[in-house]
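One structure below.
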Amino acid sequence: MARLIVSPGTAQARQVVLKEGVIRIGRGPANDVTIEDGSVSGSHCQLIVSNEAVLIRDVGSTNGTCVNGTPVVETNLQPGQSIQLGTVQLLFEPDPPSASEGLPGTPGLPSVPPTPLSSQGGRTAARLRIAHETEPPAVPEPAPEPVLVPDQDSSAAAVHGPANAHCKYHPRSIARWVCTRCQKTYCDLCVTIRGSGADGQKYCRNCMIACSPLHVTFEPVKERTFFSELPRAVVYPFRGAGVLMLIGAMIVFAALDFMSRGIIGLLMRAVALGYVFAFAQNIIHTTASGDDKMPTLPAMEGLFSNFFRLAVTALMAFGPALVVAYFTIAQEESAAGIALIPAVVFGCLYFPMGFLAVAIKDNVMACNPLVVVPSIVRVPLEYIVTAVLLAGVFFLRWKGDTLSGQLGHKALMTSSMSEMFLLFGFRMFWAFFSVYLLTVTMRVLGLLYLTKRDRLGW
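Right, dumping it as structure tokens:
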């Protein structure tokens, strides 16, 4: 089975097994293969994999795509050819070597068994995030190690591992070996080799005990659909450290809202809205990459550019309604008032998809009608449900904010301490609930892209 070796010859080398279909490669988290490097475009290139050939196609990247040092727009890959995306090197291999062979032309990268990726409708559904050489891969806390039972029928004393077993210290790599004492699983980079060639024995670096070959089985990834994932969006903000993230976001939003009053109120209001955009974009990106836990709070940087993206998106959606309102009120043209309601409805339908496009592509030009309108047409049922949910949530937040403001004013006027604490307690509860509603709506938008990105065609 064909595969790509990313950053060959380095300690961070990774392999991507290529199954039939279209595989998208780029820096953006919504790609099938994500390469986090500044020289790689958000959507850099595509691999079209079939039984006959593997075709690589550049999709308008900034730094271009090179095969064996020659810039290409579209070409068939040949065995052993090198691919360069920006400054990142990849190697195309049609068939993986056997367990006793090294990878030709890629020193430092031992053979690794292919990792089947599940597919949906001929398109690659699994995702692999690959860090650049200069950044060591993050190592999350590994799951408890299962007890492994030796395979009595294997002459090589192989061991059957759990489904989709990965290396303890390189969670992105499939495990190849298991220590018979500590029962930990390792890839080829994490064992000590004594001897040379095919006769070299693999030893655990911690126990210094000979390791046994590991047979790993693979379980297909369950298909995720928009309507099956939609109910889980309600509990999404409470997964992992989600409650702490909600409380932190509530405090940040309250502080920015408080500072937005006074002489520099407009400036601080722009900062606050920019932070809201960054918070929402983080949720959409992590959802689009298949993550089911809340992301960390965004940094306080680039807030004015975020506000600009949000403002342009809102203007594209509700600009027609503002023009109609101007002619209705300022020019006193009653005929224009008839078109006001359709213009507002158009804005409510246009804004969610425009916001999603800008958040995914991280480019304000993505909210233009040539992108937004065709995308709405491609997923009409799912998008109507999404738009109605978002409209209902924003209406609820508007009514709640109005009531909260009135109760806050009343709390300052009352002489009863118990009533004051009760009113302020309600305001705190509504502030938390408001952030919760924002998180759920952004999760729904992310699920729309995650489950329908093939149809959207971005």
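Residue numbers 1 to 458, in the working numbering, belong to the letters of the sequence shown in order. No residue lacks a Cβ here, since even glycine has one placed at the ideal position from N, Cα and C.
With three or more C-beta pairs closer than 8 Å as the rule, is the stretch 345–356 touching the stretch 297–314? The answer is yes - the stretch 345–356 touches the stretch 297–314, with three or more Cβ pairs under 8 Å.
Report the partner residues of Y203 according to the DSSP bridge assignment. Its beta-bridge partners are T192 and A210.
For a quick check, are the C-beta atoms of L303 and V271 less than 8 Å apart? One thing to note: L303 has its Cβ within 8 Å of the Cβ of V271.
Just how far apart, CA to CA, sit I283 and Y275? Straight-line spacing of the CA atoms in I283 and Y275 works out to 13 Å.
Can you say whether N31 is buried or exposed, counting buried as having 16 or more other CB atoms within 10 angstroms of its CB? By the neighbour-count criterion, in which 16 or more other beta carbons inside 10 Å mark a residue as buried, N31 falls on the buried side.
Curious, which full-length alpha helix (DSSP H) runs of at least 4 residues does the stretch 287–329 contain? Within the stretch 287–329, the complete alpha helix (DSSP H) runs of at least 4 residues fall at 303–329.
Could you say which of I193, V364, L450 and L256 lies nearest to D291 if we only look at CA atoms? Nearest C-alpha to D291 among I193, V364, L450 and L256: L450.
Pull the bridge partners of N76 from the DSSP assignment, please. L55, per the DSSP bridge assignment.
Strictly by DSSP, which residues pair up with G21? As a beta-bridge residue in DSSP terms, G21 pairs with V49.
Tell me which same chain residues have a C-beta within less than 6 Å of the C-beta of G60, skipping the five on either side of it? Cβ within range, chain order: n/a, list empty.
Just checking my contact of R205 with C182 at CB under 8 Å: how many whole Å lie between their CB atoms? In this structure R205 does not touch C182 by the C-beta definition: roughly 10 Å separates them, more than the 8 Å allowed.
Please name the residue, chosen from G265, H44, I376 and A254, that lies closest to R24 on a Cα-to-Cα basis. Of the candidates G265, H44, I376 and A254, the one whose C-alpha sits nearest the C-alpha of R24 is H44.
Please report the straight-line C-alpha distance between S53 and V72, rounded to a whole angstrom. Here the sequence assigns Ala to residue 53, which means Ser is not the residue at that position. Those two C-alpha atoms are separated by around 17 Å.
Let's see if you can read the secondary structure: which residues bound the beta strand (DSSP E) around S82? From DSSP, the beta strand (DSSP E) with S82 extends over S82 to L85.
Nearest to K399 (by Cα), restricted to the options A431, L381 and V373: The option with the nearest alpha carbon to K399 is A431.
Sort G69, L77 and I376 by Cα distance to Q84 and report the nearest one. Here the closest residue by C-alpha is G69.
Enumerate in chain order the residues of its own chain whose CB-to-CB distance from T386 is below 8 Å, with the five nearest sequence positions on each side excluded. Within the same chain, T386 has close Cβ partners P352, V444, L445 and L448.
Judging by CA-CA distance, which residue of F394, G425 and R397 is the nearest neighbour of R408? This sequence places Gly at residue 408; Arg is not what is there. Across the set F394, G425 and R397, the C-alpha of G425 shows the shortest separation from the C-alpha of G408.
In the structure shown, what three-state DSSP assignment does H166 receive? The three-state secondary structure of H166, taken from DSSP, is strand.
Select from V373, A165 and G347 the residue whose C-alpha is nearest the C-alpha of H215. Looking at the Cα atoms, A165 is the closest of the given residues.
Expressed to the nearest angstrom, what Euclidean distance is found between the alpha-carbon atoms of R176 and M268? Cα to Cα, the separation comes out at about 54 Å.
With F226 as the anchor, note down where its alpha helix (DSSP H) starts and where it stops. Counting along the chain, F226 sits inside the alpha helix (DSSP H) bounded by residues F226 to E229.
Rounded C-alpha distance that separates V40 from F421: Approximately 54 Å between the Cα atoms of the pair.
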